[in-house]
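Engineer: In the working numbering, the protein residues as written are 101 to 273. Submitted below is the structure of interest, expressed as structure tokens.
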């Protein structure tokens with residue numbers, strides 16, 4: 101049987117339709133997220149998913165590890181813009197399966213991401229909008245995301261993003 105697969109930095113062969121928690125590796129996650137640009141690269145500078153996750157983690161008082169790993173599935177499927185995900189239901193199914201494997205691997209609740217993480221993630225999106233995009237209309241972004249937190253978006257290079265992500269992981273796990 102020929103299933104779709106890919107190989108990670110650490111040499112793991114990932115069959116997306118049959119991934120298990122023992123295949124999840126923090127080095128693969130940190131490497132990939134540090135090189136993936138948020139917003140499908142449609143921002144004015146390179147801004148990695150890893151840096152975004154670090155900001156979320158830094159703002160989470162009660163769940164910093166959840167904040168750091170809230171987008172870990174993107175290491176295995178990329179940062180697909182939400183409008184695209186909403187058009188392809190199978191992507192949500194795959195994301196759910198991957199989320200459960202990541203949560204199990206790092207001993208997080210696989211069913212429910214804490215509300216604190218979701219709220220901070222949304223509000224940091226507004227900080228990102230203000231730093232990384234030409235202003236169009238606060239109404240387009242602001243209604244769904246709330247008030248910005250005032251996080252400084254630095255646009256780290258991939259190596260810095262990798263190091264910062266790994267440092268937080270080692271601190272919280």
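Note that beta-carbon positions come from the ideal geometry of N, C-alpha and C, so glycine has one too.
Residue 234 and residue 253 - do their beta-carbons sit closer together than 8 angstroms?
Structural biologist: Your numbering for residue 253 matches position 153 in the chain shown. Your numbering for residue 234 matches position 134 in the chain shown. In this structure, residue 234 does not lie closer than 8 angstroms to residue 253 by Cβ.
Engineer: What residue does the alpha helix (DSSP H) around residue 197 start on, and which one ends it?
Structural biologist: Within the chain shown, the letter at position 97 stands for residue 197. Its alpha helix (DSSP H) spans residues 189-205.
Engineer: Measuring CA to CA, which of 117, 195, 142, 137 is closest to residue 104?
Structural biologist: Within the chain shown, the letter at position 4 stands for residue 104. Of the candidates 117, 195, 142, 137, the one whose C-alpha sits nearest the C-alpha of residue 104 is 117.
Engineer: With DSSP as the reference, label residue 123 as helix, strand or coil.
Structural biologist: On the chain shown, position 23 is the one that residue 123 refers to. In this structure, residue 123 counts as helix in the three-state DSSP scheme.
Engineer: Do you know offhand how far residue 250's Cα is from residue 164's?
Structural biologist: Residue 250 sits at position 150 when you count from the first residue of the chain shown. Residue 164 sits at position 64 when you count from the first residue of the chain shown. Those two C-alpha atoms are separated by around 18 angstroms.
Engineer: Just the Cα atoms here: how many angstroms apart are residue 205 and residue 184?
Structural biologist: Position 105 of the chain shown, counted from the first residue, corresponds to residue 205. Position 84 of the chain shown, counted from the first residue, corresponds to residue 184. When rounded, the distance between both Cα atoms is 28 angstroms.
Engineer: Residue 107 bridges to which residues according to DSSP?
Structural biologist: The sequence position of residue 107 within the chain shown is 7, counting from 1. Answer by DSSP bridge pairing, in chain order: 113.
Engineer: Using a Cβ distance threshold of 8 angstroms, determine whether the segment 141-161 contacts the segment 261-272, with at least three qualifying pairs required.
Structural biologist: Taking 8 angstroms as the limit for Cβ pairs, the verdict is that the segment 261-272 does touch the segment 141-161.
Engineer: Would you report the Cα separation of residue 174 and residue 161, rounded to the nearest angstrom?
Structural biologist: Along the chain shown, one-based indexing puts residue 174 at 74. Along the chain shown, one-based indexing puts residue 161 at 61. Answer to the nearest angstrom: the Cα atoms are 23 angstroms apart.
Engineer: Could you tell me which whole beta strand (DSSP E) segments of length 3 or greater appear in the segment 127-182?
Structural biologist: With a minimum length of 3 residues, no continuous beta strand (DSSP E) run stays inside the segment 127-182.
Engineer: Following the continuous alpha helix (DSSP H) through residue 226, name the residue where it begins and the one where it ends.
Structural biologist: Position 126 of the chain shown, counted from the start, is the residue given in the question as residue 226. First-last of the alpha helix (DSSP H) with residue 226: 215-232.
Engineer: Is the beta carbon of residue 214 within less than 7 angstroms of some heavy atom of the ligand SAH?
Structural biologist: This structure does not include the ligand SAH; it has no bound ligands of any sort.
Engineer: Quick one: grab the DSSP three-state call for residue 264.
Structural biologist: Position 164 of the chain shown, counting from 1, holds the residue named residue 264. The answer is helix: DSSP assigns residue 264 an H, G or I state.
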